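Its first residue numbered 0, the sequence shown is counted upward by one per residue in numbering that gives the first Met the number 0.
Structure record follows, encoded as structure tokens.
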Amino acid sequence: MSTSLIINKLPQAERDLLDIWSYTARHWGEQKADEYLDELLDTLNRVALRPLAFPLKTDFKPAVRMALCNRHVLICQTDDLGVTLIRVMHQSANLAAYLSEE
Numbered sequence: 000m001s002t003s004l005i006i007n008k009l010p011q012a013e014r015d016l017l018d019i020w021s022y023t024a025r026h027w028g029e030q031k032a033d034e035y036l037d038e039l040l041d042t043l044n045r046v047a048l049r050p051l052a053f054p055l056k057t058d059f060k061p062a063v064r065m066a067l068c069n070r071h072v073l074i075c076q077t078d079d080l081g082v083t084l085i086r087v088m089h090q091s092a093n094l095a096a097y098l099s100e101e
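So, in structure tokens, the structure goes:
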């Protein structure tokens, strides 16, 4: 497998990450927000490197892979070239409702 995988983030996923950072910074400080963002991006890198380690959810169309990072779920699509981050949602969110809006 290539060592230079492509990682894309849809605009809504970028907004999700910014919202998560802002919320975390307001409640626990900028350092914690930076650390948590790093954890989320590390999880995204793991999905890109080992997509088969994350379950394929075929009940969504198109099918997605989901990766849990603390209390957030990274929702991704993968192919031979890399990964596209679709959304980053809190684990308590109605994922089906958000994905049906895409």
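Note that CB positions come from ideal geometry on N, CA and C, so glycine has one too.
Since the structure is predicted, the reported quantities are computational estimates derived from the model, not experimental observations.
Contact under 8 Å by Cβ, residue i with residue j
i: Ala-32; j: Trp-20; result: yes
i: Leu-9; j: Ile-85; result: yes
i: Thr-77; j: Pro-54; result: no
i: Ile-6; j: Val-82; result: yes
Where residue i falls, given that 16 or more other Cβ within 10 Å makes a residue buried
i: Leu-80; result: exposed
i: Asp-15; result: buried
i: His-71; result: buried
i: Leu-39; result: buried
i: Ala-66; result: buried
i: Tyr-22; result: exposed
i: Ser-1; result: Because Ser-1 carries a pLDDT of 45, less than 50, the predicted location of this residue cannot be relied on, and the following value inherits that uncertainty. Result: exposed.
Nearest-angstrom Cβ-Cβ length linking residue i and residue j, presumed shorter than 8 Å
i: Leu-43; j: Leu-73; result: 6 Å
What are the uninterrupted segments assigned as beta strand (DSSP E) that are 3 or more residues long and contained completely in the region 18 to 88, given in chain order? 63 to 68 and 71 to 78
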